[in-house]
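In the working numbering, the protein residues as written are 23 to 550.
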Amino acid sequence: MDHVTPQRALLSVSDKSGIVDLATALARHGVELVSTGGTAATLRDAGLSVRDISDLTGFPEMMDGRVKTLHPIVHGGLLAVRDHPEHVASMQEHGIGAIDIVVVNLYPFEATVAKGADRDTIIENIDIGGPSMVRSAAKNHDAVAIVTDPADYGALIAELDANGGTSLATRRRFAAKAYAATAAYDSAIAQWFAFADQGQAFPDTLPLAFTLATELRYGENPHQSASLYIPRGPAARGIAQAEQVQGKALSYNNYNDADAALELVSEFRDGPPTVVIVKHANPCGVATGETLIEAYREALACDSVSAFGGIIAVNRPLDGETARAISGIFTEVVAAPAADDEARAVFAAKKNLRLLLTGDLPDPARGGLTVKTIAGGLLVQSRDAGNLAQVELKVVTKRQPTEQELVDCRFAWTVAKHVKSNAIVYAKDGSTAGIGAGQMNRLESARIAAWKAKDAADKAGWATPRTIGSAVASDAFFPFADGLLAAVEAGATAVIQPGGSIRDEEVIAAADDAGLAMVFTGMRHFRH
């Protein structure tokens with residue numbers, strides 16, 4: 023059936039927004055309105071004539087409303103194939119009238135969970151009749167229009183006004199959306215049962231649901247397509263929820279890099295002003311300071327070449343002075359909790375720069391899962407929420423680290439957590455001195471980080487690179503002493519690493535021979 027002129031509509035909604043306008047339009051087109059409970063009351067209060075569902079079924083609502091639409095009169099009216107002789111005969115025999123439009127949105131299960139309701143209240147907000155009607159109507163979309171989203175009310179009204187009925191194309195589109203809605207609803211319920219109610223870390227079935235936020239121009243490369251999806255249920259606010267103040271649309275790589283920058287700067291959300299500069303998902307400069315402008319200058323000095331075309335994240339509201347400094351080189355994205363009027367005005371002159379305001383920074387210690395696709399499956403793990411507050415640093419060398427060396431060790435270790443493995447980070451006085459990322463062996467990462475520090479010193483005109491007197495962090499243990507000796511050659515005086523190698527004693531002995539202080543964390547931070 024292509025065109026259907028509706029005679030009867032069933033309306034039962036938890037979200038009442040827009041329902042009176044829709045019902046008024048339906049009534050204007052001569053459609054009989056059938057409704058339930060609170061929806062019927064809302065429509066009557068608006069002066070509309072409404073038939074109770076109990077009048078239609080000849081059976082009262084019961085069990086506190088748990089049973090009201092689960093009835094053959096309702097589902098027969100939804101599922102009957104209109105031109106099927108046996109179906110038509112059954113409708114006539116049992117007094118079943120066709121229902122041509124169903125407008126349903128479901129009990130607010132996710133909102134109930136989000137507000138911290140008790141278990142009994144959560145269970146009562148699992149809708150049964152609603153999803154059943156939605157699925158029945160959607161299955162029979164050849165004749166029935168099912169509307170689950172108030173955002174679609176306007177389209178339905180427009181089609182009725184234009185054609186006096188619904189088209190098959192519209193009904194198909196609504197049906198697809200309806201099944202997605204019930205799938206997401208069931209996913210939220212299954213997640214609550216698995217994770218919150220049963221305390222499972224990895225349930226037998228992983229029921230995830232995400233909503234399309236935006237389609238992107240392309241993926242990592244122009245020949246790839248891409249989109250951004252956001253979780254249906256509760257989730258930490260991050261780059262996906264940030265307000266974009268200006269600039270062209272974010273690309274796939276912009277989102278990926280901005281997320282890396284935000285995750286790292288969030289490690290310092292309770293610390294001093296901090297600036298992170300990221301390129302290709304790796305930090306190329308990180309620094310703290312008395313002010314954001316001071317932190318930015320120090321972060322930029324670490325690797326001013328890589329910073330060109332990079333992503334910047336800060337842990338404080340952005341001010342005009344810092345914005346002017348950032349504007350000195352080409353920057354793709356700046357993410358900040360907020361920005362003052364002067365900063366916004368400075369960036370307004372940079373039409374291609376994207377300014378993202380994130381609000382409160384995400385909690386780096388939050389739980390949750392990370393998901394990575396592989397051929398034929400998903401790899402799922404808990405987030406790397408580990409931090410030094412969870413471990414007791416163990417000094418393993420003869421020399422104890424100084425107070426400043428410990429501060430630099432902690433800073434370097436925090437940054438190394440967000441550097442692709444193998445990762446080596448030199449840091450001194452609250453700034454990265456050199457970063458080596460993504461190498462196939464740790465020795466090369468140590469050498470690259472030292473070379474970058476020397477290159478930064480040459481560009482800045484410093485007498486010596488900042489690796490002299492620095493602390494060095496390794497995301498995993500040194501399997502041999504050679505990586506540590508490369509750090510010694512670069513001028514590091516303190517080392518922080520997980521430990522746990524079968525050659526730990528050899529590495530410790532090399533540190534002692536070099537007069538280093540070294541601490542073990544017992545925690546690894548591989549990042550692939």
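The beta carbon of each residue, even a glycine, is placed where N, CA and C say it ideally should be.
Query                                                                                                                                                                                     : Result
Would you decide whether A251 is buried or exposed? Buried here means 16 or more other CB atoms lie within 10 Å of its CB.                                                                : In the sequence as presented, Ala is not what sits at residue 251; that position holds Tyr. Its Cβ having fewer than 16 others within 10 Å, Y251 is exposed.
In chain order, what residues of the same chain have a beta carbon less than 8 Å from the beta carbon of I179, not counting five sequence neighbours either side?                         : D43, L44, A47
Select from N162, R193, A120, D208 the residue whose C-alpha is nearest the C-alpha of N147.                                                                                              : D208
Over the uninterrupted beta strand (DSSP E) stretch that includes F232, give me the two end residues.                                                                                     : 232 to 238
For the segment 353 to 438, list the beta strand (DSSP E) runs that are entirely contained and at least 3 residues long, ordered along the chain.                                         : 353 to 358, 376 to 379, 391 to 396, 399 to 404
Measuring straight from C-alpha to C-alpha, what distance separates G269 and G505?                                                                                                        : 43 Å
Anyone know if the C-beta pair for G566 and E132 falls short of 7 Å?                                                                                                                      : Outside the modelled stretch of the chain, which goes from 23 to 550, sits residue 566, for which no answer is possible.
Would Q213 be called buried (16 or more neighbouring beta carbons within 10 Å of its own) or exposed?                                                                                     : buried
The alpha helix (DSSP H) spanning L272 covers which residue range?                                                                                                                        : Where L272 is concerned, there is no enclosing alpha helix (DSSP H), given that its DSSP letter is neither H nor E.
In three-state DSSP terms, what is M540?                                                                                                                                                  : strand
Beta-carbon within less than 6 Å of A471's beta-carbon, same chain only, minus the 5 sequence neighbours each way: which residues are those?                                              : I446, Y448, G456, I457, G458
With three or more C-beta pairs closer than 8 Å as the rule, is the segment 486 to 498 touching the segment 513 to 525?                                                                   : yes
Once DSSP output is grouped into helix, strand and coil, what is the label at Y318?                                                                                                       : helix
For S189, which of helix, strand or coil comes out of DSSP?                                                                                                                               : coil
Would you mind stating whether G99 and A120 have Cβ atoms separated by less than 7 Å?                                                                                                     : yes
Between which two residues does the beta strand (DSSP E) harbouring A455 extend?                                                                                                          : 453 to 458
Distance, Cα to Cα, D149 vs V156?                                                                                                                                                         : 11 Å
So, under 8 Å CB-CB, A532 and A503 are touching, yes? Tell me the CB distance rounded to an integer number of Å.                                                                          : 4 Å
If you reduce the DSSP assignment to three classes, tell me which class S36 lands in.                                                                                                     : coil
Rounded to whole angstroms, what's the CA-CA distance from K442 to R338? Just pull it up for me.                                                                                          : 26 Å
Using C-beta distances below 6 Å, list every residue in its chain close to R405, excluding the 5 sequence neighbours before and after it, in chain order.                                 : G390, T392
Judging by CA-CA distance, which residue of T515, R546, T543 is the nearest neighbour of D534?                                                                                            : T515
Identify, in the order they occur along the chain, each residue of the same chain with its Cβ nearer than 7 Å to the Cβ of C431, setting aside the five sequence neighbours on each side. : P423, A493, A495, A516, I518, V541
Please report the straight-line C-alpha distance between Y129 and E289, rounded to a whole angstrom.                                                                                      : 38 Å
Looking at T58: is its Cβ nearer than 7 Å to the Cβ of S39?                                                                                                                               : no
Over the uninterrupted alpha helix (DSSP H) stretch that includes E146, give me the two end residues.                                                                                     : 141 to 146
Could you tell me if H97 is buried or exposed, where buried requires 16 or more neighbouring beta carbons within 10 angstroms of its beta carbon?                                         : buried
Given this structure, state the Cα-to-Cα distance separating R346 from I315, to the nearest angstrom.                                                                                     : 9 Å
Just tell me which of E427, G408, N409 has its CA closest to the CA of V417.                                                                                                              : E427
Does the beta carbon of V368 sit closer than 7 Å to a beta carbon anywhere in chain C?                                                                                                    : Judged by its chain identifiers, the structure shown contains no chain C, having just a single protein chain.
Whole angstroms is fine: what's the gap from E312's alpha carbon to T543's?                                                                                                               : 28 Å
Cβ of I150 versus every heavy atom of the ligand ATP: is any distance shorter than 6 Å?                                                                                                   : With respect to the ligand ATP, the structure shown offers nothing to examine, as it has no ligands at all.
Using 7 Å as the threshold, is the C-beta distance between G553 and T27 below it?                                                                                                         : In the structure displayed, the chain extends from 23 to 550; residue 553 sits before or after that span and is not available.
Note the first and the last residue of the continuous beta strand (DSSP E) segment covering V14.                                                                                          : For the chain, the structure presents residues 23 to 550; residue 14 sits outside this window and is missing.
Could you compute how far the alpha carbon of P578 sits from the alpha carbon of G241?                                                                                                    : The structure shown does not extend to residue 578, since the chain spans only 23 to 550, so no value can be given for it.
Assuming L101 and S158 are in contact, meaning their beta carbons sit under 8 Å apart, how far apart are those beta carbons, in whole angstroms?                                          : 5 Å
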